[in-house]
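Structure record follows, encoded as structure tokens.
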Amino acid sequence: MTTLREVQLQLLILNHHLIFVAMNTSEEITILKDAIIEYGSVNSEGKHSVAYGTLFDKTANTLEALNGTLRAAKRQKKVAFDAELLMMPKDKDVQVVLLED
43 MTTLREVQLQ
53 LLILNHHLIF
63 VAMNTSEEIT
73 ILKDAIIEYG
83 SVNSEGKHSV
93 AYGTLFDKTA
103 NTLEALNGTL
113 RAAKRQKKVA
123 FDAELLMMPK
133 DKDVQVVLLE
143 D
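Structure (structure tokens):
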């Protein structure tokens, strides 16, 4: 049987883990945004945009989970792209658009 103290300790550990994950996601989205600006160009709508293939190549050593970061940034409406999940090489030309600087 689990004691109240054990449950409290498990909740504390889970809370610290969630805070750590949120901080990492935020930092990775910042790296993603910087990469879009650095390696992309301004599109006809005045937004920074980069091909997924370029982003994939340029961030391979920086972002461990590019697709996870892209999905998180898309959910937060920081980037947009016309696909559910981007895969190389099939989606190398899909544009990833930065919605906010």
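Using the numbering used here, you'd call the opening residue of the sequence shown number 43 and step up by one each time.
Even glycine gets a Cβ: it sits at the ideal position worked out from N, Cα and C.
Worksheet item: Are the beta-carbon atoms belonging to glycine 82 and lysine 134 less than 8 Å from one another?
Response: Contact flag unset, no.
Worksheet item: Nearest to threonine 101 by CA position, among Asn66, His90, Ile78, is which residue?
Response: Out of Asn66, His90, Ile78, Ile78 has the C-alpha closest to the C-alpha of threonine 101.
Worksheet item: What is the DSSP secondary structure of glutamine 118, counted as helix, strand or coil?
Response: Glutamine 118 falls in the coil class under three-state DSSP.
Worksheet item: Going by C-alpha distance, which of Gln52, Leu140, Ile55, Glu70 is nearest alanine 107?
Response: In terms of Cα proximity to alanine 107, the closest of Gln52, Leu140, Ile55, Glu70 is Glu70.
Discussion item. Counting C-beta neighbours from all protein chains within 10 Å, is the total for alanine 115 16 or more, i.e. buried, or is it exposed?
Written reply: So alanine 115 ends up on the buried side.
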